[in-house]
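Take a look at the structure set out below.
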Amino acid sequence: MSRRRLLPLLPALTMLALLGPVLAGLWGTVLPAFGHLPAAGLTGPSLDPFRDLLGWAGLPRAVMLSVGTGVLATVMSLAIVMLVTAGWSGTRVFGVLERLLSPLLAVPHAAAAFGLAFLIAPSGWLARLTSPELTGWDRPPDLLIVHDSWGLAMTAGLIVKEVPFLLLITLAALGQADAQRSVRVARALGYGRLTGWLKTVFPRVYAQIRPPVYVVLAYAMSVVDVAVILGPNTPPSLSVQIVKLMAHPDLSHRLEAAAGAVLQLLLVIGALLVWRLGEGAVAALGRRWIAAGARGKADPVIAGLALVAGAVSALAVFLGLVVLGVWSVAGFWGFPDALPDKITMANWLRFGPGTLQALGETAFIAVVAALVALVLTIGCLEAEYRHKLRVSQRALWVLYIPLLVPQTAFLPGLQTLMLNLGAEVGRGPVILAHVVFVLPYVFLSLADPFRAWDARMGVIAAALRASPDGILWRVRLPMLLRPVLTAFAVGLAVSVGQYLATLLIGGGRVATLTTEAVALASGGDRRAIGVYGLMQTGAALVPFALALLIPALVWRNRKGLRHG
Amino acid sequence: MKHLAVLAALLAPLPAMADVDPADWEAVTAQAEGQTVYWNAWGGSTTTNDFIAWVGSRVAQDYGVTLNHVKLTDTADAVTRVLSEKQAGQNENGAIDMIWINGANFAAMKEADLLFGPYAEQLPNWALADFENKPALQTDFTVPVDGYESPWAMAQVVFVHDTARMPDRLGSMDALLGWAQANPGRFSYPQPPDFLGTTFLKQVLIDILPDPLVLAEPATDANYDAVTAPLWAYLDALTPHLWREGRAYPASGPAQLQLIADAEVDLAISFSPGEATAAIANNQLPDTVRTFVLDKGTIGNASFVAIPYNSGAKAGAMVVANFLLSPEAQARAQDPAILGYGTVLAMDKLSDADRALFETLDLGIATLTPAELGVVQDEPHPTWMTRISDDWVARYGVAQ
Chain F
1 MSRRRLLPLL
11 PALTMLALLG
21 PVLAGLWGTV
31 LPAFGHLPAA
41 GLTGPSLDPF
51 RDLLGWAGLP
61 RAVMLSVGTG
71 VLATVMSLAI
81 VMLVTAGWSG
91 TRVFGVLERL
101 LSPLLAVPHA
111 AAAFGLAFLI
121 APSGWLARLT
131 SPELTGWDRP
141 PDLLIVHDSW
151 GLAMTAGLIV
161 KEVPFLLLIT
171 LAALGQADAQ
181 RSVRVARALG
191 YGRLTGWLKT
201 VFPRVYAQIR
211 PPVYVVLAYA
221 MSVVDVAVIL
231 GPNTPPSLSV
241 QIVKLMAHPD
251 LSHRLEAAAG
261 AVLQLLLVIG
271 ALLVWRLGEG
281 AVAALGRRWI
291 AAGARGKADP
301 VIAGLALVAG
311 AVSALAVFLG
321 LVVLGVWSVA
331 GFWGFPDALP
341 DKITMANWLR
351 FGPGTLQALG
361 ETAFIAVVAA
371 LVALVLTIGC
381 LEAEYRHKLR
391 VSQRALWVLY
401 IPLLVPQTAF
411 LPGLQTLMLN
421 LGAEVGRGPV
431 ILAHVVFVLP
441 YVFLSLADPF
451 RAWDARMGVI
461 AAALRASPDG
471 ILWRVRLPML
481 LRPVLTAFAV
491 GLAVSVGQYL
501 ATLLIGGGRV
511 ATLTTEAVAL
521 ASGGDRRAIG
531 VYGLMQTGAA
541 LVPFALALLI
551 PALVWRNRKG
561 LRHG
Chain R
1 MKHLAVLAAL
11 LAPLPAMADV
21 DPADWEAVTA
31 QAEGQTVYWN
41 AWGGSTTTND
51 FIAWVGSRVA
61 QDYGVTLNHV
71 KLTDTADAVT
81 RVLSEKQAGQ
91 NENGAIDMIW
101 INGANFAAMK
111 EADLLFGPYA
121 EQLPNWALAD
131 FENKPALQTD
141 FTVPVDGYES
151 PWAMAQVVFV
161 HDTARMPDRL
171 GSMDALLGWA
181 QANPGRFSYP
191 QPPDFLGTTF
201 LKQVLIDILP
211 DPLVLAEPAT
221 DANYDAVTAP
231 LWAYLDALTP
241 HLWREGRAYP
251 ASGPAQLQLI
261 ADAEVDLAIS
271 FSPGEATAAI
281 ANNQLPDTVR
291 TFVLDKGTIG
301 NASFVAIPYN
311 SGAKAGAMVV
321 ANFLLSPEAQ
331 ARAQDPAILG
341 YGTVLAMDKL
351 SDADRALFET
361 LDLGIATLTP
371 AELGVVQDEP
381 HPTWMTRISD
391 DWVARYGVAQ
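Protein chains in written order, with our numbering: chain F, 1 to 564; chain R, 1 to 400.
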């Protein structure tokens with residue numbers, strides 16, 4: 001009886017887990033933004049926080065950086081993914097690129113950004129490999145590449161991470177877009193592969209990947225860790241400034257931080273609205289383009305360029321990880337030597353114990369957060385199945401809210417709120433904050449395979465007198481072992497990569513691989529960053545490998561289940 | 001009578017809430033056993049992190065105290081935390097048990113009654129400290145310490161240069177400006193409000209002011225602009241010749257040293273005479289690196305640990321503070337292969353065996369001897385640092 005009552009509660013509980021912290025955090029942001037912070041002995045309402053914010057000379061540039069880098073990174077990564085898919089999907093080259101890019105999804109943003117920084121700096125690996133033979137440099141040129149004023153290095157860092165994400169999302173959407181037949185028809189009518197795809201498949205695919213594209217835009221506009229590692233710092237982007245203000249010893253700066261957070265939220269909402277309008281404009285132009293009937297003479301050139309861009313983006317992350325690896329075993333490595341003067345395990349011996357401790361904390365938080373998310377997800381999906389609930393498109397947007405509201409807009413508020421309530425900091429609240437970000441990805445990853453499960457299996461089991469719970473535990477979940485494990489791995493990877501949620505909600509006491517690695521960034525000890533970055537990447541990648549391996553082992557004598 | 005008894009009962013502190021008496025060392029060590037101490041210390045330097053980890057293993061061994069290093073990017077974070085806890089009414093079991101602190105952060109915490117104490121001069125190892133000859137142990141940036149923080153290291157500004165590319169030392173800040181103009185793009189300093197970056201600004205001011213004594217008193221609205229005007233003129237002249245023309249700065253001291261290894265700059269500032277030697281040992285700097293001080297001397301100060309008033313592990317924190325003052329910990333901190341920090345102890349107060357720990361230390365190729373380090377200049381009053389740092393951010397922090 002009790003269980004039957006529990007199940008229908010799970011969707012409500014999931015909503016609470018998703019929206020509760022976001023709404024509470026926004027509330028905790030809006031109050032101090034209007035001058036109300038009882039903890040600092042201040043009561044509002046007042047507009048002073050906004051006045052302070054507007055008085056900061058760096059504001060126009062910080063806002064421009066947030067908007068500029070966010071929009072550019074989204075446009076560029078979307079363009080690369082769409083053009084690569086349009087020009088190459090179905091070919092062997094595409095298969096190779098897909099296999100190259102998929103594992104990159106799990107590489108944490110911070111590790112990818114470190115790798116990129118080591119690669120492209122004037123004294124970076126690329127310069128070292130070519131100096132002094134090709135460049136003639138015996139000392140690096142005084143060029144502002146990393147931390148450049150326009151935020152281009154930061155944009156590049158975002159692009160190399162968003163391309164794999166959007167590509168995988170697009171691959172999932174292609175299956176339902178009837179892409180192959182559409183392109184075949186278009187090609188029969190004389191259209192080039194790329195133009196034919198763009199004119200027939202793109203509108204359908206885009207309609208499906210629209211929410212993730214919005215997520216990329218919102219994320220790129222408010223990112224903190226990548227901005228700290230690659231972005232400018234005179235002044236920094238708005239999000240970084242908010243985090244800096246939050247850390248100021250004078251509590252009254254939190255008011256200005258909250259005002260900045262409200263501005264950040266408005267910027268993201270504004271950008272999303274403009275983007276939405278832009279979709280309409282692109283659609284109108286696109287219809288005219290389709291009606292004009294051009295067959296796509298430039299297709300091979302564009303497809304070639306897109307492939308190069310996609311390959312460069314994948315290569316940048318790979319080479320970045322390699323150079324992290326080289327630094328982690330480097331003895332002295334001066335410019336312009338292509339490699340360190342000696343290879344040593346001393347760095348691993350030195351930082352190994354510290355990383356293991358952080359790994360333990362990281363793994364504990366990730367496993368609990370991913371398990372909670374998995375249980376809630378399966379509960380929701382099972383409730384939907386048993387009670388024949390229909391999930392509307394609008395309900396689906398709830399999943400995206402935590403990913404669309406900028407982290408810098410609600411996490412500081414959540415921290416202030418917890419402080420006012422006198423809540424203990426530590427692992428518990430951090431895990432809850434992680435669930436907010438982990439749950440949407442776990443849900444999105446598991447929902448399709450769960451719903452696609454052949455319900456006739458359930459009918460057969462029921463005919464054999466299996467209870468609904470029995471069907472779930474003994475038939476459905478075992479058959480869905482692989483997607484369940486994949487969803488779990490996705491959850492782990494998302495949790496491992498969380499920076500701001502761990503830093504702000506943990507009150508500094510919770511040290512994960514990601515917070516330690518970003519803290520080390522300020523120290524600039526590349527050997528330590530190499531060790532931590534690789535451990536962080538490993539922590540996110542190994543679960544994916546296990547998600548592939550475990551079903552293969554469990555089903556070594558039940559081959560028919562393998563693709564369940 | 002009855003009323004009086006009730007009143008007395010209300011006024012008497014509950015035993016559980018009473019803080020341990022620092023003078024009763026046996027009670028301190030007894031209470032410390034089993035406590036977990038969260039030491040909030042700047043975590044940007046891996047050599048310091050390693051040293052703190054070693055301290056943790058030693059106090060666990062000797063006193064059963066578990067030490068957790070909370071790695072800060074800025075010590076001000078810890079001050080914020082304690083302040084917000086006080087304002088939220090969390091007067092017990094705060095998140096922080098000990099802070100690596102000095103200067104403006106100490107002044108702010110002491111002023112706001114956020115510190116436990118006085119305790120420092122009751123620690124058994126305080127007797128070994130060289131407070132007679134090192135005034136910085138009892139006056140932190142001109143602010144009286146009054147036992148509210150316990151010293152554990154001496155620091156002095158030195159300049160680090162790669163002799164392979166910059167063979168000669170510089171004698172003054174004016175000479176530095178001339179050299180930078182002749183060698184554009186080859187010098188930078190950590191971005192204020194990083195403490196080392198603000199230290200560079202103070203060092204400039206002390207070196208170019210005809211009479212730096214004015215800095216010993218708090219900055220006032222009346223004298224601030226006039227006193228600091230030469231500093232801003234100096235920086236306006238220097239900035240276009242900095243690395244990246246001052247459009248970007250290294251985030252911290254270690255990040256700035258990395259730039260020397262990358263051959264991006266030839267000169268850097270450091271607050272630890274032994275840091276360069278330690279970095280050579282860790283492969284972070286080429287072995288052609290040496291250090292120098294200015295003709296008129298350089299700023300020196302002491303590093304301390306303070307205990308927040310709402311710590312739940314004050315006894316454990318005092319045990320750690322006392323251990324940091326022990327000859328064993330001090331000799332290890334001074335070893336340039338480990339940390340290279342100056343000791344706060346007086347050699348003549350140590351036993352022969354303990355003194356031998358220090359005398360056998362090889363200071364290393366890039367470390368100046370105490371005689372070579374020359375005159376130690378006093379830190380200005382913290383108000384100067386705060387205002388100069390804020391002004392710098394407004395003038396140069398939003399340059400482009």
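Glycine is no exception: its CB is placed at the ideal position from the N, C-alpha and C atoms.
| query | result |
| --- | --- |
| A279/R beta carbon less than 8 Å from that of L257/R | yes |
| Span of the alpha helix (DSSP H) around W243/R | Unbroken run through W243/R: none, as it is neither H nor E. |
| Distance CB(L565/F)-CB(L263/F) smaller than 8 Å | Residue 565/F falls outside the range modelled here, since chain F spans only 1 to 564, and no answer is possible. |
| Minimum Cβ-Cβ distance from A156/F to chain R less than 8 Å | no |
| Proximity below 8 Å, CB of L166/F to CB of A86/F | no |
| The region 212–228 of chain F / the region 62–75 of chain F touching (three or more Cβ pairs under 8 Å) | yes |
| Which of helix, strand or coil DSSP assigns to V226/F | helix |
| Complete beta strand (DSSP E) runs within the region 88–135 of chain F (minimum length 3 residues, chain order) | none |
| Simplified DSSP assignment, three categories, for M347/R | helix |
| Under the three-state DSSP convention, the category K199/F falls into | helix |
| is_contact[S149/F, chain R] using C-beta, thresh 8 Å | yes |
| Presumed contact (8 Å Cβ cut-off) between A257/F and I269/F, rounded CB distance | Not quite, the Cβ-Cβ distance comes to about 19 Å (not below 8 Å), so this is no contact. |
| In chain order, each alpha helix (DSSP H) run of at least 4 residues that lies wholly inside the region 237–282 of chain R | 253–261, 275–281 |
| Residues that A302/R bridges to, as DSSP identifies them | M154/R |
| Distance between beta carbons of P308/R and I52/R, contact taken as under 8 Å | No, I52/R and P308/R are not in contact; Cβ-Cβ is about 18 Å, not under 8 Å. |
| Chain-ordered neighbours of S123/F on chain R, where CB pairs are closer than 7 Å | D262, A263, E264 |
| Beta-carbon separation (whole angstroms), F410/F vs V22/F, contact threshold 8 Å | 5 Å |
| Per-residue burial, L170/R [other beta carbons within 10 Å of its own, 16 or more giving buried] | buried |
| Continuous alpha helix (DSSP H) assignments of at least 4 residues falling wholly in the region 49–111 of chain R | 76–87, 103–111 |
| Neighbourhood of A33/F by C-beta, 6 Å cutoff - its chain only, sequence neighbours within 5 removed | P49, A258, A259, V262 |
| T239/R beta carbon less than 8 Å from that of L205/R | no |
| Listed by chain order, chain F residues near V70/R by CB distance under 7 Å | G508, R509 |
| Sufficient close CB pairs (3 or more, under 8 Å) joining the region 94–114 of chain F to the region 239–251 of chain R | no |
| DSSP state of V37/R mapped onto helix, strand, coil | strand |
| Interface flag, H248/F vs chain R, CB-CB below 8 Å | yes |
| Interface residues of chain R facing F332/F [CB-CB closer than 7 Å] | N283, P286 |
| Cβ contact (3+ pairs, closer than 8 Å) linking the region 141–156 of chain R and the region 295–314 of chain R | yes |
| CA-to-CA distance, T360/R to A353/R, given in whole angstroms | 11 Å |
| Proximal residues to Y499/F (C-beta, below 7 Å), its chain only, five neighbours per side dropped | A110, V224, D225, T514, T515, V518 |
| A237/R versus R244/R - alpha carbon distance | 15 Å |
| Minimum Cβ-Cβ distance from Q334/R to chain F less than 8 Å | no |
| Reduced DSSP category for V393/R - H, G, I as helix; E, B as strand; rest coil | helix |
| Residues near V494/F in its chain [Cβ-Cβ closer than 7 Å; skip 5 each side] | F437, V438, Y441 |
| Residues near T369/R by beta carbon distance below 8 Å, same chain, minus five either side | L363 |
| 8 Å Cβ cutoff met for V393/R and P192/R | yes |
| Distance between T80/R and P211/F (C-alpha atoms, nearest Å) | 38 Å |
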